[in-house]
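Notes to accompany the following structure.
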Amino acid sequence: MRPRGVLTAGVALFFSLATSSIATAAWAAPTPTPSASPSPKEDEGEMGNPPNQVDVPPVSTLAAPSFQLPFPCGQTWTGNNSGSSAHRAWEIDFNRGSTPDADKGDTVVAAAAGTVVISAHQGSTNGYGNLVKIDHGGGWTSYYAHLNSRAVSAGAQVAQGQKIGTVGNTSKPGNNISPHLHYEVRNGSNYPANIKKAVFNGVTFGYPIASVTSKNKCGGGGGSTNPHTPESVCGSGYKVIDSQALGSNGTVYLTYNSANGNNCVATIKKTSLGKASATSAYLEIKDKARVSDSGSFEYYAGPVRGAAAGKCVKWGGSVGSSKYDSPSEHCGS
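The sequence shown maps to residues -25 to -1, 1 to 308 in mature numbering (1 follows the signal peptide of the UniProt record, and there is no 0).
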């Protein structure tokens, strides 16, 4: 966590088992110089892995999502990894204003598309305060902590660049912190080894401190209504190789990742956007059982992935009463 008056002193994620105090320092401008080694804090244990509110089906992928900075296009933010004694690995605290409260209320957006698995105030459990956690598939997740407000609910599907909350200074009782965004990317569940280096627009963040300009949704994409695309749903490296319109209700897409030989199917809605309605996507690889994602979704169904190099596939999906089922096809090596 960042103590009051500190630009980026990080996020406190744990309860101390013995009496302790939080060090404070003078607030600095948003272009700080790296500090020396942060002061140590006690082991957080499982406090660093808050339980999900909803479960999502596991999917396998070799590629990480194509993450962007978690702020609107064109904004420049300074991230600090070294200024917090609570940071365990590659976490980043973001600010851009010239005063301690300048960033409070600024928009925070999803770094990549996915499903919200936590949207809650963590109360006395840890120092995250208002937390949004997004599951991007393949074990990849992102954390957005200390939010002043949350704009999405657990179970919601979100697009890359979609607003998920605002910058704030919420934490556990007694933690007096200045507004900032605490951001993490994780892969797997072995905390804190699962905290990974952040990558924005294909470039690894310049640890320990760097200023980054957001490219999030700068190029549009996702259409004028539905903010999702089959590429954003399926993830980095997937390209559309076939599609079928579902009347005026939506489109089902078949994509392929040449790097790992995986197909991925996503159904993108065109009607009842933002409202949960019957939507599905499936992929059936020759000699394997069909894998489906179906339910009441706000924007899309999927991603449904599978290793299909050199194998024929059947694929399809539906939105409402409009449905498509492909023949066995795309059998190339």
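No residue lacks a Cβ here, since even glycine has one placed at the ideal position from N, Cα and C.
According to DSSP, residues forming a beta bridge with residue i
i	result
T254	G270 and V294
residue 359	Examination of residue 359 is not possible in this model, given that the chain is present from -25 through 308 alone.
C239	T230 and R280
T116	D110 and R161
T145	DSSP, once it has assigned bridges, lists no residue as partnering T145.
N70	T53
I184	N55
I139	None; I139 has no bridge partner.
V84	K138
G225	K244
Integer-rounded CB distance, given that residue j should sit under 8 Å from residue i
i	j	result
H121	G143	5 Å
Y166	F69	That pair is no contact at about 21 Å.
I93	A126	The pair is not a contact, with the Cβ atoms about 14 Å apart (cut-off 8 Å).
V279	V227	Not quite, the Cβ-Cβ distance comes to about 10 Å (not below 8 Å), so this is no contact.
V160	K171	5 Å
A283	N237	7 Å
V174	F42	5 Å
Y274	A134	7 Å
G291	Y299	5 Å
H305	I243	Actually they do not touch by this definition, with Cβ atoms about 19 Å apart.
V91	A131	5 Å
Beta-carbon contacts of residue i that lie in its chain and below 8 Å, excluding the five residues immediately before and after
i	result
S271	A251, S252, A253 and T254
D268	P32, S255, A256, Y257, A276, G277, P278 and V279
E21	Residue confidence for E21 is low, a pLDDT of 34 falling below 50, so the modelled location carries little weight and cannot support an answer.
Span separating the alpha-carbon of residue i from that of residue j
i	j	result
N169	P25	14 Å
K147	A88	28 Å
A264	F46	40 Å
Y257	N150	47 Å
A64	D30	26 Å
D76	G54	16 Å
S153	Y182	22 Å
S189	D78	16 Å
K108	G163	14 Å
V215	G281	15 Å
A220	A276	14 Å
G72	Y103	21 Å
T246	P205	16 Å
S59	W52	17 Å
G113	T74	39 Å
D18	E66	Any reading at D18 needs caution, since the residue's pLDDT is 27, under 50, leaving its predicted position unreliable; the model's value is listed next. One C-alpha to the other measures close to 16 Å.
S12	I184	In this prediction, S12 has a pLDDT of 31, which is less than 50 and means its spatial position is unreliable; nothing more can be read from the coordinates.
S57	V178	19 Å
N27	G210	22 Å
L229	C193	25 Å
Q50	S218	35 Å
H155	W115	23 Å
Cut-off 6 Å between Cβ atoms - residues of its own chain near residue i, not counting five sequence neighbours on either side
i	result
K261	K286 and C287
residue 344	Outside the modelled stretch of the chain, which goes from -25 to 308, sits residue 344, for which no answer is possible.
K289	E259, S301 and S303
G222	S297
L106	I93, Q97 and A120
H111	P40, A87 and G89
N232	G212 and Y213
S293	S255
T145	G104, N105 and H121
S117	A86, I109 and V160
Backbone secondary structure at residue i - three-state DSSP
i	result
S301	coil
S233	coil
P205	helix
G104	coil
G23	helix
residue 347	Here the chain comprises residues numbered -25 to 308, so residue 347 is not present and cannot be evaluated.
A283	coil
W65	coil
A276	strand
D110	strand
R125	strand
V175	The residue asked about is misnamed: residue 175 is Phe in this sequence, not Val. Residue state, collapsed to three classes: strand.
I(-4)	Any reading at I(-4) needs caution, since the residue's pLDDT is 32, under 50, leaving its predicted position unreliable; the model's value is listed next. Residue state, collapsed to three classes: coil.
D217	strand
T246	coil
Q132	strand
K79	coil
K289	strand
G307	coil
Own chain, CB closer than 7 Å to residue i, minus 5 neighbours either side, in chain order
i	result
V84	P45, F46, P47, G136, Q137, K138, I139 and N191
D81	T141 and V142
G295	N224, S252 and A253
N201	I243, K244, K245, L248 and Y274
N176	Q43 and K190
V266	Y257, L258, V279 and G281
is_contact[residue i, chain C] using C-beta, thresh 9 Å
i	result
A185	The structure shown contains no chain C; it holds only a single protein chain.
Cβ-heavy atom distance, residue i to the ligand PLP, below 8 Å
i	result
L156	Questions concerning the ligand PLP fall outside what the structure shown contains, since it holds no ligand whatsoever.
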